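**Student:** Below are the structure tokens for one structure; questions will follow.
Numbering (full-length UniProt numbering), first residue to last: 1 to 131.
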């Protein structure tokens, strides 16, 4: 379906064509016949599901560049009652906590080193994609 749609769109003069591929070979064909960009939603979801399976505390993650991820996850019990300085997550895990959402849903978008993690908190962490 993507191949025919790409051919038809190319024929009627559409300037930018973004096509969905099911695998890399399919993507190569779409590029050769004129797709400007190729997306692989099944591959993306596979990676996403695998990441969630490996990290049960993870709630959400967002890749906002090739190199960086924003990850939202439930605070582990080992963090409860400690402040960010005590936790030292930047040095230990190569991540930065950029937000703390309290159990009542209120978000602190720029926590200080003295901010204390409590049971029920959700952490927003930025990390490089290799971590």
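Even for Gly, the Cβ is constructed at its ideal location relative to N, Cα and C.
Model, not experiment: these values are computed from the prediction.
In the DSSP output, what is residue 99 paired with across the bridge?
**Tutor:** Residue 99 is bridged to 124.
**Student:** Could you tell me which residues DSSP puts in a beta bridge with residue 68?
**Tutor:** Paired residues: 128.
**Student:** To the nearest angstrom, how far is it from the Cα of residue 94 to the Cα of residue 128?
**Tutor:** Roughly 8 Å between the two C-alpha positions.
**Student:** Whose C-alpha, out of 39, 6, 5, 117, is nearest the C-alpha of residue 81?
**Tutor:** Of the listed residues, the one whose Cα sits closest to residue 81 is 117.
**Student:** My output table needs one value for residue 52: the three-state DSSP class, helix, strand or coil.
**Tutor:** Confidence is the limiting factor: at residue 52 the pLDDT is only 49, short of 50, which leaves the residue's position unreliable, though a coordinate-based value still follows. Of the three classes helix, strand and coil, the one that applies to residue 52 here is helix, per DSSP.
**Student:** In three-state DSSP terms, what is residue 5?
**Tutor:** Helix at residue 5.
**Student:** Assuming residue 111 and residue 84 are in contact, meaning their beta carbons sit under 8 Å apart, how far apart are those beta carbons, in whole angstroms?
**Tutor:** Going by Cβ atoms, the distance from residue 111 to residue 84 rounds to 6 Å, so yes, they are a contact pair.
**Student:** Please report how far the alpha carbon of residue 123 lies from the alpha carbon of residue 88, in whole angstroms.
**Tutor:** Taking the straight line joining both Cα atoms gives about 14 Å.
**Student:** Helix, strand or coil, according to DSSP, for residue 112 in the structure here?
**Tutor:** Looking at residue 112 - three-state DSSP - the assignment turns out to be coil, as it is neither helix nor strand.
**Student:** Can you give me the C-alpha to C-alpha distance between residue 10 and residue 23, rounded to a whole angstrom?
**Tutor:** Straight-line Cα distance between these residues: approximately 21 Å.
**Student:** Taking only three categories from DSSP, how would you classify residue 15?
**Tutor:** Coil.
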